[in-house]
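Just so we're aligned, residue 214 is where the sequence shown starts under the working numbering, counting upward by one.
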Amino acid sequence: MSLQYQKFVSEKPQIHPLSISVDEALSTELEKQQQGFLKCTVCCGIIAAVILIIAVVMIILGFTVLHIKNPKLRMNSVAIIGLDRVNSTDLLNRNANLTVVADVSMKNTNVEKFKFKTFNSSLVYRETVVGVADVPGGVVDAWKTMRLKVVYEMMMAKMAGDPQFGSDFTAGKLMVRSYARVNGRVNILNIIKRKVTVAMNCSITINVTSWGIADQDCKSHVDI
């Protein structure tokens with residue numbers, strides 16, 4: 214044998230392994246998929262948490278700040294004006310009218326304004342309307358109270374025309390009722406809009422001797 218052939222036989226062929234085997238490539242791909250799935254899961258979890266927080270905040274606001282509360286209507290005082298110009302004879306002869314002035318407050322406990330329309334209030338003796346007062350509409354600011362002056366011209370001719378007037382006058386007390394119904398609207402952030410109707414019914418006892426207010430009892434309710 215020649216020296217070249219012996220050298221060729223004695224030398225072993227060199228085999229270079231692949232830098233990345235099939236198993237390693239598969240493992241790398243799976244790892245990428247797992248990382249992508251993890252990122253997607255975290256992202257979905259964050260979105261769900263944000264939505265949940267917003268929902269909780271909206272529910273809390275709905276029961277607190279954004280919750281429309283009932284405006285409160287209250288009669289503070291009632292006074293009779295014009296008694297110095299008439300006497301009992303004029304009253305009995307139906308030749309006099311008296312002015313009844315009621316001081317009414319409307320309280321708005323909402324975070325937005327309460328707008329109400331023009332309304333009227335009636336003064337009733339037994340079943341007869343003896344006076345009507347017209348009250349212009351207005352706006353009550355948030356958390357504020359508006360004072361309203363309600364003026365009735367009480368027509369004694371209508372009151373004295375009732376069959377029970379004589380006995381009530383003799384007993385020294387006249388029972389009258391005042392009724393008012395206010396229609397309004399509360400608009401919160403242009404999101405929540407709701408109509409509100411406030412009604413107030415008062416029973417007023419007039420002392421015939423002094424022609425002052427002996428007693429008054431008012432009740433109010435709200436229709437939403």
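All C-beta atoms in this analysis are idealised placements derived from N, C-alpha and C, irrespective of residue type, glycine included. Since the model is a prediction, treat every value here as computed from it, not as a measurement.
### Query
Using DSSP with H/G/I as helix, E/B as strand and the rest coil, what is LEU361?
Strand.
### Nearest-angstrom Cα separation, counted from GLY374 out to THR318
The question names Thr, yet the displayed sequence has Ser at residue 318. Spanning the two alpha carbons is a distance of roughly 33 angstroms.
### Task
From the DSSP output, in three-state form, read off ASN255 for me.
Before going on, a small fix: residue 255 reads as Val here, not Asn. Looking at VAL255 - three-state DSSP - the assignment turns out to be helix.
#### Entry: Contact belief for LYS320 with ASP354 at Cβ below 8 angstroms, rounded distance in angstroms
That belief does not hold up - the Cβ atoms of LYS320 and ASP354 are roughly 11 angstroms apart, past 8 angstroms.
### Task
Please classify ASN403: is it buried, with 16 or more other beta-carbons within 10 angstroms of its beta-carbon, or exposed?
Its Cβ having fewer than 16 others within 10 Å, ASN403 is exposed.
### Task
Determine which residues share a DSSP beta bridge with GLY351 and list them.
Beta-bridge analysis with DSSP links GLY351 to PHE329.
### Task
Would you kindly check if the distance between the Cβ of VAL313 and the Cβ of GLY344 is under 9 angstroms?
Cβ distance < 9 angstroms, so GLY344 and VAL313 count as in contact.
### Task
Could you check if LEU336 is buried or exposed, using at least 16 other CB atoms within 10 Å of its CB as the buried criterion?
Classification of LEU336: buried, given that the 10 Å Cβ count is 16 or more.
### Query
Using 8 angstroms as the threshold, is the region 397–414 in touch with the region 372–387, meaning 3 or more CB pairs across them?
Short answer: they don't touch.
### Query
Where THR410 and ASN323 are concerned, what is the direct C-alpha to C-alpha distance, given to the nearest angstrom?
Their backbone Cα atoms lie some 15 angstroms apart in a straight line.
### Cβ neighbours of VAL364 in the same chain (closer than 7 angstroms, five flanking residues each side left out)
Once the five neighbours on either side are set aside, the close Cβ partners of VAL364 are THR312, VAL314 and ALA346.
### Query
If you draw a straight line from the alpha carbon of LEU265 to that of VAL255, how long is it in whole angstroms?
A straight line joining the alpha-carbon of LEU265 with that of VAL255 spans about 15 angstroms.
### Task
For ASN396, decide whether its Cβ has a neighbour in chain E, counting only Cβ atoms nearer than 9 angstroms.
The structure shown contains no chain E; it holds only a single protein chain.
#### Entry: Cutoff 6 angstroms; reference GLY295; Cβ partners in own chain excluding five residues on either side
Cβ neighbours of GLY295 beyond the five flanking positions: LEU311 and THR312.
### Task
Answer yes or no: do ARG287 and PHE332 have a C-beta to C-beta separation smaller than 9 angstroms?
Not closer than 9 angstroms, so no.
### Rounded C-alpha distance that separates GLY385 from ARG398
Distance between the alpha carbons of GLY385 and ARG398 is about 43 angstroms.
### Query
Which residue spans inside the region 361–386 form an unbroken alpha helix (DSSP H) run of at least 4?
Whole alpha helix (DSSP H) segments, 4+ residues: 369–373 and 378–384.
### Proximal residues to ARG339 (C-beta, below 7 angstroms), its chain only, five neighbours per side dropped
ASP375 and GLN377, listed in sequence order.
### Query
Taking C-beta to C-beta, are THR418 and ALA412 nearer than 9 angstroms?
No, the Cβ-Cβ distance between THR418 and ALA412 is not below 9 angstroms.
### Among PHE329, VAL263 and PRO349, the one whose alpha carbon lies nearest that of ASN283
Residue PHE329 holds the alpha-carbon nearest to the alpha-carbon of ASN283 among PHE329, VAL263 and PRO349.
### Message
Please state whether the Cβ-Cβ distance between SER423 and VAL291 is less than 9 angstroms.
### Response
Going by C-beta atoms, SER423 is not nearer than 9 angstroms to VAL291.
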